[in-house]
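*Asks:* Here the sequence shown stands for residues 204 to 434, numbered as in the numbering used here. Structure in structure tokens, see below.
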Amino acid sequence: MTQEQPIIVAKHVSKIFTDPVEFRVLDDINLTVDRGEFVVLVGPSGSGKTTLMYALSTLDTEYEGTITVDGTDIKALNPNQLAQFRNTTIGFVFQFHYLLPDFTVLDNVSLPAIKAGLWSPEEIEERAMKNLTLLGVADQARKRSSRLSGGQQQRVAIARALMNNPKILFGDEPTGNLDTKNTALVLDILQDLKTEFHQTILMVTHDMQFTERADRVVAIRDGRIIQHEQQ
């Protein structure tokens with residue numbers, strides 16, 4: 204049987220900031236992420252972990268080296284191709300939910316699918332409600348997102364990130380604004396996504412609870428990977 208290829212392959216990735224002084228924020232990074240793997244990037248502030256996540260997730264293409272995502276060389280795509288690839292292949296969950304406050308929960312979750320243009324309005328609503336049910340907030344679907352609690356808003360943000368069936372879910376401190384109870388709930392949800400749906404997940408976090416749930420912890424310091432720890 205042919206071994207499944209990794210979903211992310213980064214080879215000799217480096218990045219230099221020049222303002223206000225020259226600083227090598229990523230220094231010859233080599234990293235692979237397997238399909239269905241839950242990987243956590245950790246490191247002190249300024250270590251380069253968030254910069255690496257932005258490069259791996261296609262939000263930043265200004266780097267030396269190569270990154271392939273699901274077999275696609277990111278730098279080979281023009282801006283329109285990159286935007287389409289990102290919308291259909293990658294889901295994002297950030298520390299702040301970035302929901303539109305005057306839109307309903309259902310409308311917020313539907314936006315990525317509307318932009319993709321792959322389904323009818325009825326299919327989009329069905330998919331959105333399915334995700335909201337999965338995240339335990341279907342009863343909030345008709346409310347404006349501004350009326351939800353912080354924990355509910357972050358669950359809605361995860362539902363939105365899953366709308367186009369992304370092959371990879373990226374997160375940048377996704378529980379940074381949540382209390383202990385809601386942090387545990389989000390962690391349970393991510394674990395279920397990984398276990399039940401074989402979802403590939405890559406998260407940047409300072410929260411050590413993530414390291415206990417991940418398949419692998421990648422530690423970064425001074426722009427270099429210093430440790431891979433299998434869980």
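Even glycine gets a Cβ: it sits at the ideal position worked out from N, Cα and C. Computed from a prediction, not measured in an experiment: that's the story for all the values here.
Keeping to the same chain, check which residues put their C-beta closer than 7 Å to that of V312; ignore five residues upstream and five downstream.
*Replies:* A331, N334, L335, V359, A362, R363, M366
*Asks:* Evaluate the contact criterion for the segment 271-287 versus the segment 248-256: three or more CB pairs, one atom per stretch, below 8 Å.
*Replies:* Verdict: no, contact absent.
*Asks:* Whole angstroms are fine: how far does the CA of G353 sit from the CA of K218?
*Replies:* Their Cα atoms are separated by approximately 34 Å.
*Asks:* Under a Cβ-count criterion, where at least 16 other Cβ atoms within 10 Å of its own Cβ denotes burial, should Q357 be classed as buried or exposed?
*Replies:* buried
*Asks:* For I371, write down the residues that DSSP places opposite it in a beta bridge.
*Replies:* I293, T403
*Asks:* Counting only the same chain and skipping the five closest in sequence on each side, list residues whose C-beta sits under 8 Å from that of L278.
*Replies:* Note that residue 278 is Lys in the sequence shown, not Leu. Cβ within range, chain order: T264, T269, I270.
*Asks:* Provide the residue(s) that pair with V389 in DSSP beta bridges, ordered along the chain.
*Replies:* DSSP, once it has assigned bridges, lists no residue as partnering V389.
*Asks:* Just how far apart, CA to CA, sit F220 and R227?
*Replies:* 6 Å
*Asks:* Which partner residues of T271 appear in the DSSP bridge assignment?
*Replies:* V212, D276
*Asks:* In the structure shown, what three-state DSSP assignment does A422 receive?
*Replies:* strand
*Asks:* Leaving out five residues on either side along the sequence, give the residues of the same chain with a beta carbon under 7 Å from the beta carbon of V236.
*Replies:* Listed in chain order, the non-local C-beta contacts of V236 below 7 Å within the same chain comprise P209, I210, I211, V242, T403, L405, local neighbours out to five positions each way being set aside.
*Asks:* Which residue comes first and which comes last in the beta strand (DSSP E) that contains T336?
*Replies:* No beta strand (DSSP E) holds T336; the alpha helix (DSSP H) holding it covers 324-337.
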